[in-house]
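Each residue of the sequence shown is one higher than the last, beginning at 1 in my numbering. Only one structure is covered here, and it is reproduced in the block below.
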Amino acid sequence: MEKARVLIVLRETKGFRGRFQPPSSLTPTFKSVIRHCRALPLTLILLFGTLFSAAAQPLAPRINSLLQERRANHAFWGVSIYDLEQDSLLFSRNAERGFLPASNQKLFTTAAALDLLGSTYRYETTLTFDGTTKDSVMQGDLRLNGSGDPTFGSTALRLTDPLRDWAERLAEMGVRRIEGRLIGDDEVFLDGFYPDGWSVNYLTRQKGQQMGVKAGGLSYRDNTVPVTVHATQPGQPPEVYIQPNGVLEFENRAVTSERWRGSTLLINRTFSTNRIVLTGSVARSYEGVRNVPVSDPTAFTLRIFEERLQQAGIETDLEIVDVDDLEAPSSEGEPLFVHLSPPLSEIVRVINKRSNNFYAEQVFRTYGWGGSARGGARRTETFLRRAGIDTRDLSINDGSGLSRKDLVTPQAVRELLVHMSEHPEGKAFRASLPRGGERNTTLSLRLGRTNVWAKTGSLAFVRGLSGYVERPDGSLVAFALFANNYTGPSYQITHTMDDLVQMLAVPPS
Numbered sequence: 001m002e003k004a005r006v007l008i009v010l011r012e013t014k015g016f017r018g019r020f021q022p023p024s025s026l027t028p029t030f031k032s033v034i035r036h037c038r039a040l041p042l043t044l045i046l047l048f049g050t051l052f053s054a055a056a057q058p059l060a061p062r063i064n065s066l067l068q069e070r071r072a073n074h075a076f077w078g079v080s081i082y083d084l085e086q087d088s089l090l091f092s093r094n095a096e097r098g099f100l101p102a103s104n105q106k107l108f109t110t111a112a113a114l115d116l117l118g119s120t121y122r123y124e125t126t127l128t129f130d131g132t133t134k135d136s137v138m139q140g141d142l143r144l145n146g147s148g149d150p151t152f153g154s155t156a157l158r159l160t161d162p163l164r165d166w167a168e169r170l171a172e173m174g175v176r177r178i179e180g181r182l183i184g185d186d187e188v189f190l191d192g193f194y195p196d197g198w199s200v201n202y203l204t205r206q207k208g209q210q211m212g213v214k215a216g217g218l219s220y221r222d223n224t225v226p227v228t229v230h231a232t233q234p235g236q237p238p239e240v241y242i243q244p245n246g247v248l249e250f251e252n253r254a255v256t257s258e259r260w261r262g263s264t265l266l267i268n269r270t271f272s273t274n275r276i277v278l279t280g281s282v283a284r285s286y287e288g289v290r291n292v293p294v295s296d297p298t299a300f301t302l303r304i305f306e307e308r309l310q311q312a313g314i315e316t317d318l319e320i321v322d323v324d325d326l327e328a329p330s331s332e333g334e335p336l337f338v339h340l341s342p343p344l345s346e347i348v349r350v351i352n353k354r355s356n357n358f359y360a361e362q363v364f365r366t367y368g369w370g371g372s373a374r375g376g377a378r379r380t381e382t383f384l385r386r387a388g389i390d391t392r393d394l395s396i397n398d399g400s401g402l403s404r405k406d407l408v409t410p411q412a413v414r415e416l417l418v419h420m421s422e423h424p425e426g427k428a429f430r431a432s433l434p435r436g437g438e439r440n441t442t443l444s445l446r447l448g449r450t451n452v453w454a455k456t457g458s459l460a461f462v463r464g465l466s467g468y469v470e471r472p473d474g475s476l477v478a479f480a481l482f483a484n485n486y487t488g489p490s491y492q493i494t495h496t497m498d499d500l501v502q503m504l505a506v507p508p509s
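In structure tokens form, the structure reads like this:
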């Protein structure tokens, strides 16, 4: 056995200080180890031998043993692993069964977007005017034409505020007053803001970043309102500030506690309204901002723009109108300004690296037929079939993976990864995935010493991890790992997945 030969060679060379050439019968990997380890103590030599013995074992028994451990055997596992270099399947378990993907659904969304739109695609949001200008006064229709751009005024990217820029540019042009209508055109997306299968808790409680946020053809600031909360005196309600004024109605039932740390603050929303209720308590040192989704993205965007105009020193007498509410079609007028988004290659990085649900839903509708979630699902399926992937066992209902009606198979995800590794947009696709240990991503605290690009996924009783791992020789392995319906702590499932990925990073025997 090679393990025995390595130990013999290491023992024989211990203390040798001349030029050493390992026997030619050993593999390059073991030769390298011997050169670097010939002066190590025997204890470490034996440890290296044990590690290499484990690496030399066939992959399938090692994975099966890992999944049978107590921390993992309470989950329903789906695994599909493929060696891209050897073009061969390395391991499969329940690979043709359906699993809730959670945010691994974003792999389908971003791959389809790159294929259908291209990495250089940019959204265009325009401001037009139909009317007259006299003595620094604009009279007529000022119209915001949305394109579904998720980055427009977004807090996820450090970009300038386009509405503030436009307002200041109008002021620089000499405009001092605007009278007429401020129209929002959001028709690039079909109304029907929430996908099938979303939990009602996403819509009525603030469960996390970009949870329960409406998609919109005209969107601004991730379709969320910042709610700032400051602690006051123990026993008293905290102070609440909402900008702009009047966008949200709120009832403050929260209280400031005597604790210096710790908060149980909850923000509940009345379904399909802009009314929120704050409950729970905040520590007496608390000062924070919660981003609360709005019920009408178009009206929200228009309200913010009017406020930006006023801040720029422009008086306004404007009627805010959704284009859907116009009794008769209006002229789009002449273009004043155009805002271009970053290229799609940057947008998909936000989707995958930070698992941004709002961005995913916007992009999903952008390439979807008719600007709808259903159209996005059908076009995703068409892309997958064109890639040679069987879609009969898939259920696609949204772009983010929040839907509890989404179902994917590990085999389909693995086949997608293989397909994208050879796709013209494959470089942009892989670059969008979090690296092991990469800061400000969902892998920032995981797999820091492993050369891996992978998308995470998490919902209640659901974990997923799919992507690519690179071995020391530069070869790539594509993997799709899913665990559903587990009853133990989630961290045990996460650690098991990470151990499996680290196992794949070891060169095959």
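Just so it is clear, CB atoms sit at the ideal spot from N, CA and C, and this is done for glycine as well.
Discussion item. Assuming threonine 151 and serine 341 are in contact, meaning their beta carbons sit under 8 Å apart, how far apart are those beta carbons, in whole angstroms?
Written reply: Between serine 341 and threonine 151 the Cβ distance is about 5 Å, and since that is below 8 Å, they are a contact.
Worksheet item: What residue does the beta strand (DSSP E) around phenylalanine 189 start on, and which one ends it?
Response: Following the DSSP letters along the chain, one finds phenylalanine 189 in no beta strand (DSSP E), marked with neither H nor E.
Practice prompt. Entirely within the stretch 66-148 and at least 4 residues each: give me those alpha helix (DSSP H) ranges in chain order.
Written response: Assignment of alpha helix (DSSP H) within the stretch 66-148, counting only whole runs of 4 or more residues, yields 105-116 in chain order.
Item to complete: Compute the beta-carbon to beta-carbon distance between phenylalanine 510 and phenylalanine 482, rounded to the nearest angstrom, for a pair I have assumed lies under 8 Å.
Response: One cannot answer for residue 510 here, as it falls past the ends of the chain, which runs 1 to 509.
Item to complete: Tell me where the beta strand (DSSP E) around tryptophan 166 begins and ends.
Response: Run containing tryptophan 166: none in the beta strand (DSSP E); it sits in the alpha helix (DSSP H), 162-172.
Item to complete: Taking only the alpha-carbon atoms, compute the straight-line gap between glycine 148 and glutamine 362 and give it to the nearest angstrom.
Response: Cα to Cα, the separation comes out at about 6 Å.
Worksheet item: Which term fits methionine 173, buried or exposed, when burial requires 16 or more other beta carbons within 10 angstroms of its beta carbon?
Response: exposed
Worksheet item: Helix, strand or coil: how does DSSP classify threonine 279 here?
Response: strand
Worksheet entry | Identity of the residues DSSP links to aspartate 526 by a beta bridge | With the chain covering 1 to 509 only, the question about residue 526 has no answer from this structure.
Practice prompt. Would you check if the distance between the CB atom of threonine 270 and the CB atom of glutamine 233 is smaller than 8 Å?
Written response: no
Worksheet item: Taking DSSP as the reference, what is the three-state secondary structure of asparagine 223?
Response: The answer is helix: DSSP assigns asparagine 223 an H, G or I state.
Practice prompt. On a CA-only basis, which of Leu266, Arg284 and Thr126 is nearest glycine 146? Give me that one, please.
Written response: For the residues Leu266, Arg284 and Thr126, the minimum Cα distance to glycine 146 belongs to Thr126.
Item to complete: Could you tell me the boundaries of the alpha helix (DSSP H) in which valine 418 lies?
Response: 410-421
Item to complete: Tell me, to the nearest whole angstrom, how far the beta carbon of aspartate 196 is from that of serine 400; I am working on the premise that it is less than 8 Å.
Response: Actually they are not in contact, since the Cβ atoms of aspartate 196 and serine 400 sit about 13 Å apart, beyond 8 Å.
Worksheet item: Are the beta-carbon atoms of alanine 428 and serine 355 separated by less than 8 Å?
Response: In this structure, serine 355 does not lie closer than 8 Å to alanine 428 by Cβ.
Item to complete: Look up isoleucine 314 in the DSSP assignment and say whether it is helix, strand or coil.
Response: coil
Item to complete: Evaluate lysine 405 with the Cβ neighbour count: other Cβ atoms within 10 Å of its Cβ, from every protein chain shown; 16 or more gives buried, anything less gives exposed.
Response: exposed
Worksheet item: How close, in whole Å, do the beta carbons of alanine 102 and leucine 459 come, if the pair is a contact with beta carbons under 8 Å?
Response: 4 Å
Practice prompt. Helix, strand or coil for lysine 353, going by three-state DSSP, please let me know.
Written response: Of the three classes helix, strand and coil, the one that applies to lysine 353 here is helix, per DSSP.
Worksheet item: Taking C-beta to C-beta, are arginine 303 and proline 244 nearer than 8 Å?
Response: yes
Worksheet item: Ordered along the chain, which non-local residues of its own chain (more than five positions away) have a Cβ less than 6 Å from that of valine 348?
Response: Thr110 and Ser432
Worksheet item: Looking only at C-alpha atoms, which of Glu332, Ile493 and Asn440 sits nearest to isoleucine 515?
Response: The chain is shown only over 1 to 509; residue 515 falls outside these bounds and no answer can be derived.
Discussion item. Just to confirm, is the Cβ distance from valine 229 to arginine 275 under 8 Å?
Written reply: Taking the C-beta atoms as reference points, arginine 275 is found no nearer than 8 Å to valine 229.
Practice prompt. Flag this pair as yes or no: are the beta carbons of serine 80 and alanine 480 separated by less than 8 Å?
Written response: yes
Worksheet item: Once you ignore the five residues that flank glutamine 492 on each side, which residues in its own chain have a CB closer than 6 Å to its CB?
Response: Arg71
Practice prompt. May I ask you to report which of helix, strand or coil DSSP gives leucine 309?
Written response: Shown here, leucine 309 sits in a helix according to DSSP, grouped into three states.
Discussion item. Using only CA atoms, which one of Ile267, Ser263 and Val277 lies nearest to arginine 284?
Written reply: Of Ile267, Ser263 and Val277, the residue nearest in Cα terms is Ser263.
Practice prompt. Spatial neighbours of phenylalanine 90 within its chain, please: CB distance less than 6 Å, with the 5 preceding and 5 following residues excluded, ordered by chain position.
Written response: In the sequence as presented, phenylalanine is not what sits at residue 90; that position holds leucine. So the list reads Leu59, Ile81 and Asp83, once near-sequence residues are dropped.
Practice prompt. Indicate whether asparagine 104 and valine 408 have their beta-carbon atoms separated by less than 8 Å.
Written response: Cβ distance < 8 Å, so asparagine 104 and valine 408 count as in contact.
Discussion item. Bridge partners for asparagine 252 per DSSP, in chain order?
Written reply: Leu278
Worksheet item: Mind checking tyrosine 286: buried by the 16 CB within 10 Å criterion, or exposed?
Response: Its Cβ being crowded by 16 or more others within 10 Å, tyrosine 286 is buried.
Worksheet item: Taking the alpha carbon of glutamate 425 as the point to measure from, which residue in Leu117, Asn73 and Ser65 has its own alpha carbon closest?
Response: Leu117
Worksheet item: CA-CA distance, tryptophan 166 and aspartate 191?
Response: Answer to the nearest angstrom: the Cα atoms are 27 Å apart.
Discussion item. Within the continuous beta strand (DSSP E) that includes tyrosine 572, where are the two ends?
Written reply: The shown model of the chain, from 1 to 509, leaves out residue 572, and the question about it has no answer.
Item to complete: Counting only the same chain and skipping the five closest in sequence on each side, list residues whose C-beta sits under 7 Å from that of glutamine 21.
Response: At glutamine 21 the pLDDT is 48, less than 50, meaning the model places this residue with poor confidence and gives no usable figure here.
Worksheet item: Under the rule that 16 or more other beta-carbon atoms within 10 Å means buried, what is arginine 176, buried or exposed?
Response: exposed
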